[in-house]
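Chains as they are written, first to last, in my numbering: chain A, 12 to 579; chain B, 12 to 579.
Note that the Cβ used here is the ideal one computed from N, Cα and C, for glycine as well.
Treat the numbers as computed from the prediction; the structure is a model and nothing was measured.
Report on the structure given below.
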């Protein structure tokens, strides 16, 4: 393709709102342009890389036995009312009315549509399992779209669905998809982890997120330094590792801590570590007030609290509540003499503690030599805290490290949630009606593209992996006004194309510096520069990533490029 | 692909709302399913044929030098306000508000978005011409969606745009696109015509529609029986072919026609042909009342009237208007003694008429022996009527025939409409700022698919052209319970796939009759049936379209199929 006739326009400056590399570089290099907040168009270069990612996804889906289809973006409200999500999905679901005032959703996901299609088509166990997928623009009205393609309001997604006759069969489909996802992200050259995740809004149970490791990721992953264990930090259980103390319990004392506001200040004042203080936080769990006690150096994980109570809503109590129940504000709470109306529960790590400190439910005072069990009653000990770096890995192998991740894929075991609500049944081999079991599997295709750029860039621009780059070769004619340069470049352009090599040809009448800068920004793996030695038939070949370069003869070029790509 | 695991479900009955073959067959054969009125999902079989059409379009666009990109479906209202179409596009444009109450359109077409992208990227004549395209779902809230994929509210479209520095350059881009379109529809096996068309809502001037000839088409095409002339019937000019009459003018007479309401009744009553009467119809052209006179057997074409007056609005006058201006109602209007406030204009065919009949502007009376020019003044003779079958072709070659057509493509010379409204300028080779000249080029991809089915079907189902069919071979195992049949079919399935042949394998445990009926409905060009002679290694091979069949040995199959497809 000749660059002079391509819709591409590079920028010297980063867009004002672009905080991260992929956003900056994809806009600056002319791959994408913003149309509205969180809404992007893909210019020709961008569309080419998008298509390469898409084809990898398509090949792996086909290999997994899923069939491609294409559902509509317009979805009648009635389907979402059947599943119940019309009311629960909230403001993220974009909605509109047609000319007859009929309500529609713009597809944020397609569980409802596919379930309605399958329930009308598939009636027998003989036709299960079934796996389908589509690659299609999705719409979600993010409250705060940001980071370019990472969190947009219209984005390209691959969504797949499995329909199974049993959970055993679902597990098999899930495994196939899990493998396909690993293949996709591996082929995209990404450093990623499959992590145990929360099922959130989708209503599923067993679920993994595929996370690309990146400092700009919005999620924190807890992973083992020796095994392949990885989980969203919110989901990682903490092994109960407490061993009894050999210290003798001393007598409870009440001490004045007049100016000490934080736990650290109290610990410093009393001359002990943060781990020797108790942290007490009051929650309202549905209608029950709960005082959660952890070690001072631990953080309460309210998802674990919610799961312990099997609750719908967990909120922090208000300071009004603590005053009326405990007679004090947040800073002086403690479990000693807590009233019966409040549940006192504590993290496993609290149980073995001896002679620790806690708030005295009285401003300006703390108890010291507090001993759980002796000085206060604990209704239940449980895993209530966030895992920390250095904790033993929950799978028993190695220790936990943290990393940030960009979620590029998600596999869910949905179970019967949609099939039950929408009445998707089949006749089993006994002729008995059964509800289908479903799985749902998503890949953010445009987000994957951005994640690749996050992992493949340097100070001069993008450094695409060989199989994702928009073109294989960037051919530069340094001074096309010179006849011998133009002629050699034109010849090479023809020869490369004839050899089936994807080539972008910078035939513009621009300064050499502009061309080199644009080429580095684009990130095409191999640059071929036709310059001063054109009259000898010699050109410069340079690798974008390594910076290695060599002068080659015109007749060596094709072989060189093909060999290089075959080795990737 | 194994049919037992595919999301497909054939129907015995036509859907109640399906009036035409493509709608009936695509639904019955399980290619598409309706999600809401005018909104369809493509099941796996449908997606495969859609993709084949898409790939043909993509290849021809690339060959024409257009670059693929992908714009967003969400388009901010501001862009449509800039072009002026936010107000003029009307109820067909689907609109919505985001969570911040910002207004958006769902892309019905993308002139605004592409113009905004190009004006921000391209500043110099050196970067023109530029051609881009995308293949993407479009949204139009049709008042009356019907005919399945032919007139839907969400549909797959290829839209392309050219940006040129001059009209000469636009003509070149237009020619390239015209050729690409002819290639696309030829490769799709369609019997089509490129016809001169009205530019309608798009604001363009020179424009052609690509029409697939079909009885169910919503447009009428006037075409020459000997040349390649073809035009939308509304657009075809009529050659002035009138020759002077040798009849002697007789004296004007007023005759009573008490019970004759229609022109035919008057003609019969007075004993002459319809062509010997004058038809007089009153229009309001902007603010001017105009009495248009044509021969009794001709129909007024109000587009021609509008163009003659270069008017914005042409309406029929009300009967109140004719009473107040002419002293009579619609049925008795005539040009004799028309008041000066009314323009009398007449079709060319009226000029040479001698001794004809017209209304007397008095209920129950007509004039006979009327002679234009002598008995009434004609302000202007012009081409004012619809062309008729049998008229000479406007290009001077042959005579006109009518056909109905399905519009599958449309090429427009937009000129400077969008570029002017949206300020898309460039610097020319003199450094002077100029407004860009644009072209716009659309193909209804999903509609093309439906048009193919309209031309390729028989009483048993679809009969796909070889390069559009979802699979190349439909392999049937008639009785998979019999080991030798299952074994041979499984072997053939492997062998066909290994040879790179696309094969759908009906491995279901269904009756032979069901399998044959489904196979005919699907329309895959070659059917291979493994039945009773499986033990001898012999299978039946049948061509879907011709019905030709032969028994072949297992080892002859691959060669037979490859030879057949190579000959297509």
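Chain A within 8 Å of residue i, Cβ atoms only
| i | result |
| --- | --- |
| residue 33(B) | no |
| residue 58(B) | yes |
| residue 441(B) | no |
| residue 152(B) | yes |
| residue 543(B) | no |
| residue 655(B) | Look at the range of chain B in this structure, 12 to 579, and you will see that residue 655(B) is not part of it. |
| residue 132(B) | yes |
| residue 148(B) | yes |
| residue 485(B) | no |
| residue 138(B) | yes |
| residue 481(B) | no |
| residue 105(B) | yes |
| residue 92(B) | no |
Under 8 Å between C-beta atoms of residue i and residue j
| i | j | result |
| --- | --- | --- |
| residue 377(B) | residue 244(B) | no |
| residue 551(A) | residue 542(A) | yes |
| residue 456(B) | residue 395(B) | no |
| residue 234(B) | residue 422(B) | no |
| residue 43(B) | residue 57(B) | yes |
| residue 49(A) | residue 164(A) | yes |
| residue 475(B) | residue 511(B) | no |
| residue 294(B) | residue 326(B) | yes |
| residue 357(A) | residue 389(A) | yes |
| residue 484(B) | residue 411(B) | no |
| residue 495(B) | residue 417(B) | no |
| residue 168(B) | residue 75(B) | no |
| residue 580(B) | residue 441(B) | In this structure chain B extends from 12 to 579, so residue 580(B) is not present and cannot be described. |
| residue 482(A) | residue 513(A) | yes |
| residue 81(B) | residue 115(B) | no |
| residue 278(A) | residue 285(A) | yes |
Neighbour flag for residue i against chain B, beta carbons, 8 Å
| i | result |
| --- | --- |
| residue 165(A) | yes |
| residue 18(A) | yes |
| residue 2(A) | Residue 2(A) falls outside the range modelled here, since chain A spans only 12 to 579, and no answer is possible. |
| residue 195(A) | no |
| residue 52(A) | yes |
| residue 46(A) | yes |
| residue 254(A) | no |
| residue 538(A) | no |
| residue 213(A) | Only weak support exists for where residue 213(A) lies, its pLDDT of 44 falling under 50; the value from the coordinates is given anyway. Residue 213(A) does not count as touching chain B. |
| residue 520(A) | yes |
Helix, strand or coil at residue i [DSSP, three-state]
| i | result |
| --- | --- |
| residue 192(A) | helix |
| residue 426(B) | strand |
| residue 584(A) | Within the shown structure, residues of chain A are numbered from 12 to 579, placing residue 584(A) beyond reach of any answer. |
| residue 82(A) | coil |
| residue 551(B) | strand |
| residue 173(A) | strand |
| residue 439(A) | coil |
| residue 588(A) | Summary: the structure shown does not reach residue 588(A), with chain A confined to residues 12 through 579, and so no result is reported for it. |
| residue 24(B) | coil |
| residue 415(B) | strand |
(request) With a floor of 3 residues, list each beta strand (DSSP E) that falls wholly inside the stretch 271-311 of chain A, ordered by position along the chain. (result) Taking only runs of at least 3 residues, the beta strand (DSSP E) segments lying wholly in the stretch 271-311 of chain A are 289-296, 299-306.
(request) Can you check the stretch 447-508 of chain A for any alpha helix (DSSP H) of at least 4 residues that lies completely inside it and give the ranges in chain order? (result) Qualifying alpha helix (DSSP H) stretches, in chain order: 456-466.
(request) Could I get the ranges of all uninterrupted alpha helix (DSSP H) runs contained in the stretch 194-257 of chain B, with 4 residues as the minimum, in chain order? (result) Runs found: none.
(message) With a threshold of 8 Å, are at least 3 pairs of Cβ atoms found where one atom belongs to the stretch 505-521 of chain A and the other to the stretch 456-465 of chain A?
(response) The stretch 505-521 of chain A, when compared against the stretch 456-465 of chain A, does not touch it at the 8 Å Cβ threshold.
(request) Entirely within the stretch 336-409 of chain B and at least 3 residues each: give me those beta strand (DSSP E) ranges in chain order. (result) Qualifying beta strand (DSSP E) stretches, in chain order: 354-358, 367-370, 376-381, 391-393.
(message) Would you call the stretch 128-139 of chain A in contact with the stretch 53-68 of chain A, where contact means no fewer than 3 C-beta pairs closer than 8 Å?
(response) Fewer than three pairs of CB atoms, one per stretch, sit closer than 8 Å, so the stretch 128-139 of chain A makes no contact with the stretch 53-68 of chain A.
(message) Using a Cβ distance threshold of 8 Å, determine whether the stretch 426-444 of chain B contacts the stretch 122-134 of chain B, with at least three qualifying pairs required.
(response) Because the criterion of three Cβ pairs below 8 Å is met, the stretch 426-444 of chain B and the stretch 122-134 of chain B touch.
(request) Note down, one range per segment and in chain order, each alpha helix (DSSP H) of at least 4 residues found wholly within the stretch 35-101 of chain A. (result) With a minimum length of 4 residues, the continuous alpha helix (DSSP H) runs that stay inside the stretch 35-101 of chain A are 55-74, 88-94, 96-99.
(request) Decide if the stretch 357-370 of chain B is in contact with the stretch 297-315 of chain B; the criterion is three or more beta carbon pairs, one per stretch, under 8 Å apart. (result) Taking 8 Å as the limit for Cβ pairs, the verdict is that the stretch 297-315 of chain B does touch the stretch 357-370 of chain B.
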